[in-house]
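There are 2 protein chains.
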Amino acid sequence: MLDERENAAGPTLADLGEDGLLSVIFPLLPGGPGVLIGPGDDTALLRTSSGSVLATTDAMVRGRDWLDQWSTGADVGVKTVTQNIADIAAMGGVPTGLLVTLIADPQTPLAWVRDFTRAMAQAAEEAGVPVLGGDLSSAPEGVLVVSLTALGECDGAEPVRRGGAQVGDTLAVCGSLGHSAAGLLLLQRGQGGQAPELVDYHRRPRTPYRQGPLAARAGATAMIDVSDGLGRDAGRIARASGVGIALDEALLRDDVEQLRHAIGAEDAWRSVTEGGEEHSLLACFPSGPGLPAGWRKVGEVLKGSGVLLRGHLVQGGGWDHFGG
Amino acid sequence: MLDERENAAGPTLADLGEDGLLSVIFPLLPGGPGVLIGPGDDTALLRTSSGSVLATTDAMVRGRDWLDQWSTGADVGVKTVTQNIADIAAMGGVPTGLLVTLIADPQTPLAWVRDFTRAMAQAAEEAGVPVLGGDLSSAPEGVLVVSLTALGECDGAEPVRRGGAQVGDTLAVCGSLGHSAAGLLLLQRGQGGQAPELVDYHRRPRTPYRQGPLAARAGATAMIDVSDGLGRDAGRIARASGVGIALDEALLRDDVEQLRHAIGAEDAWRSVTEGGEEHSLLACFPSGPGLPAGWRKVGEVLKGSGVLLRGHLVQGGGWDHFGG
Chain A
1 MLDERENAAG PTLADLGEDG LLSVIFPLLP GGPGVLIGPG DDTALLRTSS
51 GSVLATTDAM VRGRDWLDQW STGADVGVKT VTQNIADIAA MGGVPTGLLV
101 TLIADPQTPL AWVRDFTRAM AQAAEEAGVP VLGGDLSSAP EGVLVVSLTA
151 LGECDGAEPV RRGGAQVGDT LAVCGSLGHS AAGLLLLQRG QGGQAPELVD
201 YHRRPRTPYR QGPLAARAGA TAMIDVSDGL GRDAGRIARA SGVGIALDEA
251 LLRDDVEQLR HAIGAEDAWR SVTEGGEEHS LLACFPSGPG LPAGWRKVGE
301 VLKGSGVLLR GHLVQGGGWD HFGG
Chain B
1 MLDERENAAG PTLADLGEDG LLSVIFPLLP GGPGVLIGPG DDTALLRTSS
51 GSVLATTDAM VRGRDWLDQW STGADVGVKT VTQNIADIAA MGGVPTGLLV
101 TLIADPQTPL AWVRDFTRAM AQAAEEAGVP VLGGDLSSAP EGVLVVSLTA
151 LGECDGAEPV RRGGAQVGDT LAVCGSLGHS AAGLLLLQRG QGGQAPELVD
201 YHRRPRTPYR QGPLAARAGA TAMIDVSDGL GRDAGRIARA SGVGIALDEA
251 LLRDDVEQLR HAIGAEDAWR SVTEGGEEHS LLACFPSGPG LPAGWRKVGE
301 VLKGSGVLLR GHLVQGGGWD HFGG
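Residue numbers (our numbering), protein chains in the order written: chain A, 1 to 324; chain B, 1 to 324.
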């Protein structure tokens, strides 16, 4: 049992930051022979008596992950489905079921919950995934949290992990880059009207789900979804694979060009390389054959470590939940 | 898109209550051919390409599900594991994996999280279930939420649902009744020292997990865990099965007697029949053969509806998250 005074005086989660906190938590968690992939990838993979199941979970918190003034309940419903299914797709998997938890101040308007549920259900239906059940909990004044768990499977194929990238592989993206960050920036500037399509993307990001299993069949060696920014997520592939990654400035110019008119060149570069919550797919492919349709090259896998752009290391960027 | 003014003026979750809210949400959720059991039982059952998986989720919120003055992080860690695995056991299943979500104010002491994680991990290990992964999110000031998802399987046997009770079946319990409610009452009265074992049970309820699959093999026709009180949970079996249930006053006297010295006869009866968060197992068995070891009879399944004690309908009791 901990000493209460030590609690009060000791470090907080903010002192450690997200990565520091994970490094405290991970070693404490019990594994087992059925855990084929444990904490630290896009999803876990659990052996069942007759196969295996992918499992991942992702929460959204009002005031941190969204603001009511910028996002409706329906926006949150779509985004939470996208975030969870993107993790399944990034393993090369197909989603098979969702569990939905709603933790809400009893004074929350019913209309918000109906709006959220309808949009969440529609997004799930479009992705072909049923809602299996969930949990309802009340919360103190002002609190509103939605938490989803997604289950999936790989259809007999091997899941694509983060750690399989090989020197010489091509780094490729399927989907947009920086649109969510640009949309958020416009909302923060009160200039949402300048590019409503970017604001809409921030509210309701779209993952090309079906491209995950296609990339797996095309031989992807590593895959992740862009949830914390191209640099940070490419860095996760690099670290897990024991390689370096060079982003190609010329190949990112089109992405920057799409945002430049709305937010300026400098912020466009930052959004493309560091913008999170995009939920596009980022994967490495052997350099020989061409890329699958819908994918475009943005860099290369090298010997070394870290992520380089114009010869310089891309700093973390992205989002640290605990600001450490 | 909803009209903001309608939002502000319309009904809240508190106006509907938990059952009312569920009746709004359930019809909106998409099902699918793979959903063998959907929302409304202890867990869902999802068909996989080669078998099936049980899935359930349950959250705990500081200030609603626990108070820091009465429960440590370690207490919360044990309780959240018990709650989730009890749902798997109540289907006759064995837990195979957990996902853990922590949503916390960045000012939360690291010591709380370490305390929680260690105890949660130990409880999982004792139940033989690995932690597969999870999610970390920051939250506004003062907010602390833990949310678990448990996966499981039935080892080839059929899951035991709520709706299979037959007229003439015996209603039986495995585990204690009313200890959690009695412990909470003592804490509320500032008399925790009078019966520390009851307070301890409130903080760390214990489900006889392994009795769930044993009950299934012994022919249980319906099963649930006592999370909202004997009366309310027996009522769920009665409603799902289209039967009535008579609790037997004489058979509950021993349970009441265990609590009477600490909280008095009247509150002891109320705790035994209405006390929630006990997470004992409640099941119906065909009347012919004897009960499995560890189970004791507390009532009978009759024609009709509702739950009777001393010839009177047991009112709801238990806990409504939204106070409707």
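Using N, Cα and C, we set each Cβ at its ideal position, and we do this for glycine too.
In this structure, how does DSSP classify E125 (chain B) when only helix, strand and coil are distinguished? Reduced to three states, the DSSP call for E125 (chain B) is helix.
Beta-carbon within less than 8 angstroms of H321 (chain B)'s beta-carbon, same chain only, minus the 5 sequence neighbours each way: which residues are those? Closer than 8 angstroms at the Cβ level, and outside the excluded window around H321 (chain B), lie E18 and R64.
With a 10 Å radius around its C-beta and 16 neighbouring C-beta atoms as the bar for buried, classify E6 (chain A) as buried or exposed. Per-residue confidence for E6 (chain A) stands at a pLDDT of 46, beneath the threshold of 50, marking its modelled position as unreliable; no derived number is given.
Helix, strand or coil: how does DSSP classify R5 (chain B) here? The predicted model places R5 (chain B) with a pLDDT of 40, which falls under 50 and marks its position as unreliable; any figure quoted below should be read in that light. Three-state result, R5 (chain B): helix.
Residue-level contact to chain B via CB, G212 (chain A), 7 angstroms cutoff: Chain B contact via Cβ: absent.
The beta strand (DSSP E) spanning S49 (chain B) covers which residue range? No beta strand (DSSP E) holds S49 (chain B); DSSP gives it neither H nor E.
Count the other C-beta atoms from every protein chain shown that fall within 10 angstroms of the C-beta of G235 (chain B), then say buried if there are 16 or more, exposed otherwise. That one is buried.
Among residues of its own chain, excluding the 5 on either side of R161 (chain B), which ones have a beta-carbon nearer than 6 angstroms to its beta-carbon? The beta carbon of R161 (chain B) lies closer than 6 angstroms to those of D41 in the same chain, with the five residues before and after it left out.
Does the beta carbon of T329 (chain B) sit closer than 7 angstroms to a beta carbon anywhere in chain A? A question about residue 329 (chain B) goes unanswered here, because the residues of chain B that appear run from 1 up to 324.
Run of the alpha helix (DSSP H) containing S180 (chain A), from where it starts to where it stops: Counting along the chain, S180 (chain A) sits inside the alpha helix (DSSP H) bounded by residues H179 to R189.
Could you compute how far the alpha carbon of S137 (chain A) sits from the alpha carbon of E277 (chain A)? So the alpha carbons of these two residues sit roughly 26 angstroms apart.
Could you tell me the distance, in whole angstroms, from the CA atom of L184 (chain A) to the CA atom of L313 (chain A)? When rounded, the distance between both Cα atoms is 25 angstroms.
Could you check whether the Cβ of D135 (chain A) sits closer than 7 angstroms to any Cβ belonging to chain B? Cβ-Cβ to chain B under 7 angstroms: yes for D135 (chain A).
Among the candidates A:V199, A:S241, A:C174 and A:I25, whose CA atom is the shortest distance from the CA of V113 (chain B)? Checked all of A:V199, A:S241, A:C174 and A:I25; the closest Cα to V113 (chain B) is A:I25.
I'd like the span of the alpha helix (DSSP H) that includes V78 (chain A), first residue to last. Counting along the chain, the alpha helix (DSSP H) containing V78 (chain A) begins and ends at G73 to A89.
Near-chain B residues of the segment 133-167 of chain A (beta-carbon distance less than 8 angstroms), N- to C-terminal order: Residues of the segment 133-167 of chain A with a Cβ closer than 8 angstroms to any Cβ of chain B, in chain order: G133, G134, D135, L136, S137, S138, A139, P140, G142, V143, V145, S147, T149, L151, E153, D155 and G156.
Where DSSP assigns a beta bridge to C154 (chain B), which residues make up the other side? C154 (chain B) has no beta-bridge partner at all, per DSSP.
Segment contact flag, the segment 133-153 of chain B with the segment 232-247 of chain B, C-beta cutoff 8 angstroms, min 3 pairs: The segment 133-153 of chain B vs the segment 232-247 of chain B: no contact.
Closest to G34 (chain B) by CA distance: which of A:G275, A:T96, A:D68 and A:L16 is it? For the residues A:G275, A:T96, A:D68 and A:L16, the minimum Cα distance to G34 (chain B) belongs to A:T96.
Candidates B:Y201, B:V61 and B:A265: closest to H179 (chain B) by CA position: Cα-wise, what sits closest to H179 (chain B) is B:Y201.
By a C-beta neighbour count over all protein chains shown, 10 Å radius and 16 as the cutoff for buried, is S176 (chain B) buried or exposed? Sixteen is the threshold: when 16 or more other Cβ atoms of the shown chains lie within 10 Å of the Cβ of S176 (chain B), as they do, the residue is buried.
So is S49 (chain A) in contact with chain B if we call contact Cβ pairs under 7 angstroms? With 7 angstroms as the cut-off, S49 (chain A) counts as an interface residue toward chain B.
Quick one: what does DSSP say P325 (chain B) is sitting in, helix, strand or coil? Absent from the structure is residue 325 (chain B), since the part of chain B shown begins at 1 and ends at 324.
Cut-off 7 angstroms between Cβ atoms - residues of its own chain near P292 (chain A), not counting five sequence neighbours on either side: Answer for P292 (chain A): L214, A215 and A218, listed in chain order.
Where does Q211 (chain A) land, buried or exposed, given buried means 16+ other C-beta within 10 angstroms? Answer is buried; the Cβ neighbour count reaches 16.
Positions along the segment 96-117 of chain A whose CB lies within less than 7 angstroms of some CB in chain B: Using a CB distance below 7 angstroms, the part of the segment 96-117 of chain A facing chain B consists of T96, G97, L99, T101, I103, A104, P106, Q107, T108, P109, L110, A111, W112, V113, R114, D115 and T117, ordered along the chain.
State the Cα-Cα distance for the pair L309 (chain B) and A55 (chain B), rounded to the nearest angstrom. The straight-line gap from Cα to Cα measures roughly 34 angstroms.
Using a threshold of 7 angstroms, state whether the C-beta atoms of V301 (chain A) and V243 (chain A) are closer than that. Closer than 7 angstroms, so yes.
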